[in-house]
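Single-structure report; data block below.
In my numbering, the protein residues as written are 38 to 421.
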(Lines of atoms letter the chains of each structure in order from A and count residues from 1; the text may use other names and numbers.)
(Lines give C-alpha, C1' and ligand atoms only; values in the text may rest on other atoms or scores of the structure.)
Protein backbone atom coordinates (compact mmCIF):
# COMPACT_ATOMS: atom_id res chain seq x y z
CA UNK A 1 0.00 0.00 0.00
CA UNK A 2 1.40 3.47 -0.91
CA UNK A 3 2.30 5.89 1.93
CA UNK A 4 -0.73 7.84 3.27
CA UNK A 5 0.28 11.12 1.62
CA UNK A 6 0.81 9.51 -1.78
CA UNK A 7 -2.40 7.53 -1.38
CA UNK A 8 -4.27 10.72 -0.56
CA UNK A 9 -2.92 12.41 -3.68
CA UNK A 10 -3.89 9.43 -5.81
CA UNK A 11 -7.46 9.35 -4.48
CA UNK A 12 -7.72 13.13 -4.75
CA UNK A 13 -6.83 12.99 -8.44
CA UNK A 14 -9.35 10.20 -9.00
CA UNK A 15 -12.02 12.35 -7.35
CA UNK A 16 -10.97 15.30 -9.51
CA UNK A 17 -11.39 13.13 -12.60
CA UNK A 18 -14.90 12.20 -11.44
CA UNK A 19 -15.82 15.82 -10.78
CA UNK A 20 -14.53 17.17 -14.10
CA UNK A 21 -15.75 14.20 -16.17
CA UNK A 22 -19.09 15.72 -17.33
CA UNK A 23 -18.06 19.35 -16.83
CA UNK A 24 -14.81 20.48 -18.47
CA UNK A 25 -12.67 18.84 -21.14
CA UNK A 26 -9.15 20.09 -20.38
CA UNK A 27 -9.24 19.63 -16.56
CA UNK A 28 -10.72 16.16 -17.09
CA UNK A 29 -7.86 15.11 -19.38
CA UNK A 30 -5.24 16.58 -17.05
CA UNK A 31 -6.82 14.83 -14.05
CA UNK A 32 -6.75 11.50 -15.91
CA UNK A 33 -3.10 11.88 -16.86
CA UNK A 34 -2.06 12.99 -13.37
CA UNK A 35 -4.01 10.14 -11.78
CA UNK A 36 -2.39 7.58 -14.07
CA UNK A 37 1.12 8.89 -13.37
CA UNK A 38 0.64 9.04 -9.59
CA UNK A 39 -1.04 5.62 -9.55
CA UNK A 40 1.87 4.08 -11.45
CA UNK A 41 4.48 5.81 -9.28
CA UNK A 42 2.75 4.61 -6.12
CA UNK A 43 2.61 1.01 -7.35
CA UNK A 44 6.25 0.99 -8.44
CA UNK A 45 7.33 2.44 -5.09
CA UNK A 46 5.25 -0.08 -3.14
CA UNK A 47 6.10 -2.96 -5.51
CA UNK A 48 2.45 -3.89 -5.32
CA UNK A 49 0.18 -3.70 -8.36
CA UNK A 50 -2.92 -4.98 -6.64
CA UNK A 51 -2.62 -8.73 -6.54
CA UNK A 52 -2.22 -11.63 -8.93
CA UNK A 53 -3.02 -11.47 -12.62
CA UNK A 54 -6.54 -12.72 -13.38
CA UNK A 55 -8.99 -13.21 -16.23
CA UNK A 56 -10.14 -9.61 -16.14
CA UNK A 57 -6.58 -8.34 -16.49
CA UNK A 58 -6.21 -10.41 -19.66
CA UNK A 59 -9.50 -9.12 -21.07
CA UNK A 60 -8.60 -5.51 -20.29
CA UNK A 61 -5.15 -5.86 -21.85
CA UNK A 62 -6.60 -7.42 -25.02
CA UNK A 63 -9.21 -4.66 -25.28
CA UNK A 64 -6.60 -1.96 -24.69
CA UNK A 65 -4.16 -3.34 -27.27
CA UNK A 66 -6.70 -4.17 -29.98
CA UNK A 67 -6.90 -0.67 -31.45
CA UNK A 68 -3.14 -0.49 -31.95
CA UNK A 69 -2.90 -4.06 -33.26
CA UNK A 70 -5.30 -3.38 -36.12
CA UNK A 71 -4.00 0.14 -36.91
CA UNK A 72 -1.13 -0.93 -39.25
CA UNK A 73 -3.62 -2.98 -41.29
CA UNK A 74 -6.38 -0.36 -41.52
CA UNK A 75 -7.89 -0.14 -44.99
CA UNK A 76 -8.31 3.64 -44.72
CA UNK A 77 -5.98 6.15 -43.15
CA UNK A 78 -6.90 9.04 -40.89
CA UNK A 79 -7.40 8.56 -37.16
CA UNK A 80 -6.45 4.90 -36.78
CA UNK A 81 -3.45 5.66 -34.53
CA UNK A 82 -4.97 8.49 -32.48
CA UNK A 83 -8.42 6.99 -31.86
CA UNK A 84 -7.19 3.98 -29.80
CA UNK A 85 -6.13 6.45 -27.11
CA UNK A 86 -9.82 6.58 -26.13
CA UNK A 87 -9.63 2.87 -25.32
CA UNK A 88 -6.42 3.47 -23.38
CA UNK A 89 -8.19 6.07 -21.27
CA UNK A 90 -11.23 3.90 -20.55
CA UNK A 91 -9.51 0.54 -20.15
CA UNK A 92 -6.73 2.21 -18.16
CA UNK A 93 -9.16 3.63 -15.61
CA UNK A 94 -10.90 0.27 -15.37
CA UNK A 95 -7.61 -1.51 -14.70
CA UNK A 96 -6.25 1.06 -12.24
CA UNK A 97 -9.44 1.33 -10.19
CA UNK A 98 -9.85 -2.46 -10.18
CA UNK A 99 -6.35 -2.86 -8.72
CA UNK A 100 -6.45 0.08 -6.30
CA UNK A 101 -7.97 -1.84 -3.37
CA UNK A 102 -10.23 1.09 -2.53
CA UNK A 103 -11.55 1.23 1.01
CA UNK A 104 -15.32 1.54 1.45
CA UNK A 105 -14.95 5.20 2.33
CA UNK A 106 -12.86 5.83 -0.79
CA UNK A 107 -15.33 4.06 -3.06
CA UNK A 108 -18.17 5.99 -1.44
CA UNK A 109 -16.31 9.25 -2.09
CA UNK A 110 -15.90 8.33 -5.77
CA UNK A 111 -19.63 7.66 -6.10
CA UNK A 112 -20.43 10.92 -4.32
CA UNK A 113 -18.12 12.85 -6.65
CA UNK A 114 -19.87 11.35 -9.67
CA UNK A 115 -23.30 12.29 -8.32
CA UNK A 116 -22.28 15.84 -7.39
CA UNK A 117 -20.64 16.42 -10.76
CA UNK A 118 -23.65 15.29 -12.79
CA UNK A 119 -25.96 17.47 -10.68
CA UNK A 120 -23.68 20.47 -11.25
CA UNK A 121 -23.55 19.60 -14.94
CA UNK A 122 -27.34 19.51 -15.12
CA UNK A 123 -27.57 22.88 -13.39
CA UNK A 124 -25.21 24.29 -16.02
CA UNK A 125 -27.20 22.64 -18.81
CA UNK A 126 -30.55 23.95 -17.59
CA UNK A 127 -29.03 27.43 -17.23
CA UNK A 128 -27.99 27.30 -20.90
CA UNK A 129 -31.48 26.18 -21.87
CA UNK A 130 -33.04 29.00 -19.87
CA UNK A 131 -30.73 31.59 -21.43
CA UNK A 132 -31.47 30.22 -24.89
CA UNK A 133 -27.82 29.56 -25.73
CA UNK A 134 -28.73 25.97 -26.68
CA UNK A 135 -31.88 24.20 -27.74
CA UNK A 136 -31.04 20.89 -26.08
CA UNK A 137 -30.09 19.77 -22.59
CA UNK A 138 -26.42 18.82 -22.72
CA UNK A 139 -23.67 18.20 -20.19
CA UNK A 140 -20.85 20.58 -21.04
CA UNK A 141 -18.00 18.08 -21.47
CA UNK A 142 -20.18 15.22 -22.71
CA UNK A 143 -21.70 17.21 -25.53
CA UNK A 144 -24.27 15.91 -28.02
CA UNK A 145 -27.69 15.18 -26.59
CA UNK A 146 -27.46 11.45 -27.36
CA UNK A 147 -24.16 11.16 -25.47
CA UNK A 148 -25.58 13.25 -22.62
CA UNK A 149 -28.59 10.93 -22.43
CA UNK A 150 -26.32 7.87 -22.21
CA UNK A 151 -24.39 9.49 -19.35
CA UNK A 152 -27.63 10.46 -17.57
CA UNK A 153 -29.08 6.96 -17.97
CA UNK A 154 -26.02 5.40 -16.33
CA UNK A 155 -26.11 7.91 -13.49
CA UNK A 156 -29.85 7.29 -13.07
CA UNK A 157 -29.08 3.65 -12.28
CA UNK A 158 -26.40 4.66 -9.78
CA UNK A 159 -28.72 7.06 -7.97
CA UNK A 160 -31.62 4.59 -8.09
CA UNK A 161 -29.40 1.94 -6.48
CA UNK A 162 -28.53 4.47 -3.78
CA UNK A 163 -32.23 5.18 -3.26
CA UNK A 164 -33.17 1.50 -3.20
CA UNK A 165 -30.87 0.67 -0.27
CA UNK A 166 -32.88 3.13 1.83
CA UNK A 167 -30.12 5.55 2.84
CA UNK A 168 -30.50 9.35 2.61
CA UNK A 169 -33.85 8.77 0.90
CA UNK A 170 -34.70 12.44 0.46
CA UNK A 171 -31.42 13.35 -1.23
CA UNK A 172 -31.20 10.09 -3.19
CA UNK A 173 -34.82 10.37 -4.27
CA UNK A 174 -34.40 13.98 -5.40
CA UNK A 175 -31.27 13.13 -7.40
CA UNK A 176 -32.96 10.11 -9.00
CA UNK A 177 -36.05 12.13 -9.91
CA UNK A 178 -33.98 14.95 -11.41
CA UNK A 179 -32.01 12.51 -13.56
CA UNK A 180 -35.18 10.75 -14.70
CA UNK A 181 -36.87 14.03 -15.65
CA UNK A 182 -33.69 15.19 -17.37
CA UNK A 183 -33.68 12.07 -19.53
CA UNK A 184 -37.11 13.04 -20.83
CA UNK A 185 -36.03 16.66 -21.27
CA UNK A 186 -33.01 15.53 -23.30
CA UNK A 187 -35.54 13.76 -25.57
CA UNK A 188 -33.25 10.92 -26.60
CA UNK A 189 -35.49 7.94 -27.32
CA UNK A 190 -32.83 5.32 -26.72
CA UNK A 191 -31.76 7.05 -23.50
CA UNK A 192 -35.31 7.05 -22.14
CA UNK A 193 -35.83 3.38 -23.05
CA UNK A 194 -32.51 2.38 -21.46
CA UNK A 195 -33.26 4.39 -18.32
CA UNK A 196 -36.70 2.83 -17.85
CA UNK A 197 -35.37 -0.65 -18.59
CA UNK A 198 -32.61 -0.13 -16.03
CA UNK A 199 -35.11 0.82 -13.33
CA UNK A 200 -37.12 -2.32 -14.06
CA UNK A 201 -34.03 -4.56 -13.94
CA UNK A 202 -32.79 -3.01 -10.70
CA UNK A 203 -36.24 -3.40 -9.14
CA UNK A 204 -36.22 -7.08 -10.10
CA UNK A 205 -32.72 -7.54 -8.65
CA UNK A 206 -33.79 -5.82 -5.42
CA UNK A 207 -36.93 -7.96 -5.04
CA UNK A 208 -35.45 -10.36 -2.42
CA UNK A 209 -34.30 -7.37 -0.38
CA UNK A 210 -37.31 -5.03 -0.70
CA UNK A 211 -40.56 -4.67 -2.66
CA UNK A 212 -40.40 -0.86 -2.58
CA UNK A 213 -38.14 -0.56 -5.67
CA UNK A 214 -40.63 -2.63 -7.67
CA UNK A 215 -43.47 -0.32 -6.65
CA UNK A 216 -41.44 2.77 -7.55
CA UNK A 217 -40.37 1.32 -10.90
CA UNK A 218 -43.95 0.32 -11.71
CA UNK A 219 -45.16 3.84 -10.92
CA UNK A 220 -42.49 5.33 -13.19
CA UNK A 221 -43.37 2.95 -16.04
CA UNK A 222 -47.10 3.70 -15.72
CA UNK A 223 -46.46 7.45 -15.63
CA UNK A 224 -44.20 7.17 -18.67
CA UNK A 225 -46.86 5.19 -20.51
CA UNK A 226 -49.45 7.87 -19.78
CA UNK A 227 -47.07 10.56 -20.99
CA UNK A 228 -46.62 8.59 -24.18
CA UNK A 229 -50.37 8.24 -24.75
CA UNK A 230 -50.93 11.93 -24.09
CA UNK A 231 -47.75 12.97 -25.93
CA UNK A 232 -46.87 14.89 -22.81
CA UNK A 233 -43.12 14.89 -23.35
CA UNK A 234 -40.93 16.06 -26.21
CA UNK A 235 -39.37 12.64 -26.64
CA UNK A 236 -42.76 11.17 -27.62
CA UNK A 237 -43.52 14.08 -29.95
CA UNK A 238 -40.11 13.59 -31.55
CA UNK A 239 -40.84 9.90 -32.13
CA UNK A 240 -44.26 10.62 -33.64
CA UNK A 241 -42.83 13.24 -35.99
CA UNK A 242 -40.07 10.87 -37.12
CA UNK A 243 -42.56 8.08 -37.84
CA UNK A 244 -44.85 10.41 -39.77
CA UNK A 245 -41.90 11.71 -41.79
CA UNK A 246 -40.96 8.15 -42.74
CA UNK A 247 -37.61 7.97 -40.97
CA UNK A 248 -38.37 6.52 -37.54
CA UNK A 249 -34.75 5.44 -37.15
CA UNK A 250 -33.39 8.81 -38.29
CA UNK A 251 -31.50 7.38 -41.29
CA UNK A 252 -29.79 4.73 -39.19
CA UNK A 253 -30.74 2.05 -41.72
CA UNK A 254 -28.34 3.61 -44.21
CA UNK A 255 -25.60 3.78 -41.58
CA UNK A 256 -26.06 0.12 -40.69
CA UNK A 257 -26.09 -0.93 -44.33
CA UNK A 258 -22.88 1.00 -44.98
CA UNK A 259 -21.25 -0.52 -41.89
CA UNK A 260 -22.11 -4.05 -43.01
CA UNK A 261 -20.84 -3.49 -46.54
CA UNK A 262 -17.66 -1.87 -45.19
CA UNK A 263 -17.03 -4.82 -42.89
CA UNK A 264 -17.67 -7.30 -45.70
CA UNK A 265 -14.98 -5.57 -47.78
CA UNK A 266 -12.50 -5.42 -44.88
CA UNK A 267 -13.53 -8.27 -42.55
CA UNK A 268 -10.37 -8.83 -40.50
CA UNK A 269 -8.98 -5.41 -39.57
CA UNK A 270 -11.63 -2.95 -40.74
CA UNK A 271 -11.01 0.59 -41.94
CA UNK A 272 -9.37 1.81 -38.72
CA UNK A 273 -10.80 3.37 -35.60
CA UNK A 274 -12.67 6.64 -36.17
CA UNK A 275 -12.31 6.18 -39.93
CA UNK A 276 -15.96 5.32 -40.57
CA UNK A 277 -16.56 8.90 -41.72
CA UNK A 278 -14.06 8.24 -44.51
CA UNK A 279 -16.06 5.22 -45.61
CA UNK A 280 -19.27 7.29 -45.60
CA UNK A 281 -17.88 9.45 -48.41
CA UNK A 282 -19.24 6.89 -50.85
CA UNK A 283 -22.78 7.97 -49.94
CA UNK A 284 -24.31 10.08 -52.68
CA UNK A 285 -26.20 12.49 -50.43
CA UNK A 286 -24.28 15.18 -48.53
CA UNK A 287 -27.08 15.10 -45.94
CA UNK A 288 -26.41 11.43 -45.25
CA UNK A 289 -22.65 11.99 -45.13
CA UNK A 290 -23.21 14.66 -42.48
CA UNK A 291 -25.61 12.45 -40.50
CA UNK A 292 -23.43 9.33 -40.60
CA UNK A 293 -19.96 10.08 -39.18
CA UNK A 294 -20.27 6.71 -37.43
CA UNK A 295 -22.56 3.68 -37.74
CA UNK A 296 -24.92 4.60 -34.89
CA UNK A 297 -24.46 1.06 -33.58
CA UNK A 298 -21.71 -0.10 -31.24
CA UNK A 299 -21.46 -3.57 -32.77
CA UNK A 300 -21.60 -2.68 -36.47
CA UNK A 301 -19.37 0.35 -35.99
CA UNK A 302 -16.77 -1.79 -34.20
CA UNK A 303 -16.85 -4.45 -36.92
CA UNK A 304 -16.53 -1.86 -39.68
CA UNK A 305 -13.67 0.04 -38.03
CA UNK A 306 -11.78 -2.77 -36.28
CA UNK A 307 -12.79 -5.93 -38.13
CA UNK A 308 -13.08 -9.30 -36.44
CA UNK A 309 -9.62 -9.02 -34.88
CA UNK A 310 -10.38 -5.72 -33.16
CA UNK A 311 -14.00 -6.48 -32.32
CA UNK A 312 -13.33 -9.81 -30.59
CA UNK A 313 -11.72 -8.32 -27.43
CA UNK A 314 -14.59 -5.85 -26.99
CA UNK A 315 -17.12 -8.64 -27.43
CA UNK A 316 -15.27 -10.71 -24.83
CA UNK A 317 -15.33 -7.81 -22.34
CA UNK A 318 -19.07 -7.22 -22.80
CA UNK A 319 -19.93 -10.92 -22.54
CA UNK A 320 -17.75 -11.42 -19.45
CA UNK A 321 -19.18 -8.25 -17.89
CA UNK A 322 -22.77 -9.45 -18.30
CA UNK A 323 -21.99 -12.99 -17.15
CA UNK A 324 -20.07 -11.71 -14.13
CA UNK A 325 -23.00 -9.50 -13.12
CA UNK A 326 -25.43 -12.39 -13.38
CA UNK A 327 -23.29 -14.95 -11.58
CA UNK A 328 -22.08 -12.61 -8.82
CA UNK A 329 -25.20 -10.57 -8.14
CA UNK A 330 -25.49 -9.51 -4.49
CA UNK A 331 -27.05 -11.75 -1.89
CA UNK A 332 -29.54 -10.66 0.72
CA UNK A 333 -26.94 -10.59 3.50
CA UNK A 334 -24.34 -8.62 1.53
CA UNK A 335 -23.31 -5.11 2.53
CA UNK A 336 -25.22 -2.11 1.21
CA UNK A 337 -22.21 -0.94 -0.79
CA UNK A 338 -22.13 -4.28 -2.60
CA UNK A 339 -25.68 -3.64 -3.76
CA UNK A 340 -24.99 -0.07 -4.85
CA UNK A 341 -21.81 -0.95 -6.74
CA UNK A 342 -23.48 -3.93 -8.42
CA UNK A 343 -26.43 -1.74 -9.41
CA UNK A 344 -24.10 0.89 -10.88
CA UNK A 345 -22.05 -1.67 -12.83
CA UNK A 346 -25.21 -3.43 -14.02
CA UNK A 347 -26.68 -0.14 -15.20
CA UNK A 348 -23.50 0.71 -17.09
CA UNK A 349 -23.66 -2.66 -18.85
CA UNK A 350 -27.38 -2.45 -19.68
CA UNK A 351 -27.12 1.09 -21.05
CA UNK A 352 -23.98 0.26 -23.04
CA UNK A 353 -25.48 -2.88 -24.57
CA UNK A 354 -29.03 -1.61 -25.17
CA UNK A 355 -28.27 1.90 -26.41
CA UNK A 356 -25.39 0.37 -28.35
CA UNK A 357 -27.97 -1.06 -30.74
CA UNK A 358 -28.80 2.43 -32.04
CA UNK A 359 -25.80 4.53 -30.97
CA UNK A 360 -22.05 4.10 -30.57
CA UNK A 361 -21.57 3.60 -26.84
CA UNK A 362 -18.55 2.82 -24.64
CA UNK A 363 -16.44 5.76 -25.75
CA UNK A 364 -15.60 9.26 -24.57
CA UNK A 365 -17.15 10.39 -21.25
CA UNK A 366 -19.92 7.83 -20.92
CA UNK A 367 -17.47 5.07 -21.83
CA UNK A 368 -15.08 6.21 -19.12
CA UNK A 369 -17.98 6.39 -16.65
CA UNK A 370 -19.04 2.83 -17.49
CA UNK A 371 -15.46 1.53 -17.15
CA UNK A 372 -15.02 3.33 -13.84
CA UNK A 373 -18.19 1.83 -12.37
CA UNK A 374 -17.16 -1.65 -13.49
CA UNK A 375 -13.73 -1.12 -11.93
CA UNK A 376 -15.31 -0.13 -8.62
CA UNK A 377 -17.47 -3.25 -8.50
CA UNK A 378 -15.09 -5.98 -9.72
CA UNK A 379 -12.96 -6.17 -6.53
CA UNK A 380 -16.14 -6.48 -4.44
CA UNK A 381 -17.38 -9.29 -6.67
CA UNK A 382 -14.17 -11.26 -6.14
CA UNK A 383 -14.31 -10.95 -2.35
CA UNK A 384 -17.88 -12.20 -2.20
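Beta carbons: idealized from backbone N, C-alpha and C, even for Gly.
Remember, it's a predicted structure, so these values are computed and weren't measured experimentally.
Check: Under the three-state reduction of DSSP, which class applies to residue 396: helix, strand or coil?
Finding: Translated into positions along the chain shown, residue 396 becomes position 359. When secondary structure is reduced to three states using DSSP, residue 396 falls in the coil class, being assigned neither helix nor strand.
Notebook entry, point to check: By Cβ distance, which residues of its chain are closer than 6 Å to residue 235, with the 5 residues on each side in sequence left out?
Noted result: For the purposes of this step, residue 235 is identified with residue 198 of the chain shown, where counting begins at 1. Around residue 235, the same chain offers 194, 384, 387 as residues with beta carbons nearer than 6 Å, after the five sequence neighbours per side are excluded.
Checklist line | Top-ranked residue by Cα proximity to residue 93, from 136, 232, 72 | finding: Here residue 93 refers to the residue found at position 56 when the chain shown is read from its first residue. Nearest C-alpha to residue 93 among 136, 232, 72: 136.
Next item on the list: Pull up the distance between the alpha-carbon of residue 204 and that of residue 191, whole angstroms please.
Entry: Indexing the chain shown from 1 puts residue 204 at position 167. Indexing the chain shown from 1 puts residue 191 at position 154. Separation of residue 204 and residue 191 (C-alpha to C-alpha, rounded to the nearest whole angstrom) is 20 Å.
Next item on the list: Determine the extent of the alpha helix (DSSP H) in which residue 130 is found, giving its start and end residues.
Entry: In the chain shown, residue 130 corresponds to position 93, counting from 1. Its alpha helix (DSSP H) spans residues 121-135.
Next item on the list: Throw me the rounded Cβ distance for the residue 103 and residue 393 pair, which I believe falls under 8 Å.
Entry: Working through the chain shown from its first residue, we reach residue 103 at position 66. Working through the chain shown from its first residue, we reach residue 393 at position 356. So it is not a contact: roughly 17 Å between Cβ atoms.
Checklist line | residue 75 versus residue 47 - alpha carbon distance | finding: Working through the chain shown from its first residue, we reach residue 75 at position 38. Working through the chain shown from its first residue, we reach residue 47 at position 10. Between residue 75 and residue 47, the alpha-carbon positions lie close to 6 Å from each other.
Next item on the list: Tell me, please, whether the stretch 334-347 touches the stretch 103-121 by the rule of three or more beta-carbon pairs shorter than 8 Å.
Entry: Contact holds: three or more Cβ-Cβ distances are below 8 Å.
Checklist line | Separation of residue 147 from residue 289, as counted between CA atoms | finding: Counting from 1 along the chain shown, the entry for residue 289 is found at position 252. Counting from 1 along the chain shown, the entry for residue 147 is found at position 110. About 36 Å.
Notebook entry, point to check: Taking just the CA atoms, how far does residue 112 sit from residue 351?
Noted result: As a working mapping, residue 351 is identified with position 314 in the chain shown. As a working mapping, residue 112 is identified with position 75 in the chain shown. Going by the C-alpha atoms only, they are around 20 Å apart.
Next item on the list: On a CA-only basis, which of 67, 377, 60, 404 is nearest residue 390? Give me that one, please.
Entry: As a working mapping, residue 390 is identified with position 353 in the chain shown. The candidate whose alpha carbon is nearest that of residue 390 is 404.
Note to self: As an exercise, report each continuous alpha helix (DSSP H) stretch of at least 4 residues that is fully enclosed by the stretch 309-358, in chain order.
What the structure shows: Whole alpha helix (DSSP H) segments, 4+ residues: 313-316, 323-328.
Item checked: From 336, 368, 341, residue whose alpha carbon lies closest to that of residue 353 -> Within the chain shown, residue 353 is the residue found at index 316, counting from 1. Nearest neighbour of residue 353 by Cα position, chosen from 336, 368, 341, turns out to be 336.
Item checked: First and last residue of the uninterrupted alpha helix (DSSP H) at residue 184 -> On the chain shown, position 147 is the one that residue 184 refers to. Note, residue 184: alpha helix (DSSP H), 182-201.
Checklist line | For residue 223 and residue 182, the rounded distance between their alpha carbons | finding: Here residue 182 is taken as the residue at index 145 of the chain shown, counted from 1. Here residue 223 is taken as the residue at index 186 of the chain shown, counted from 1. Going from the Cα of residue 182 to the Cα of residue 223 covers about 6 Å.
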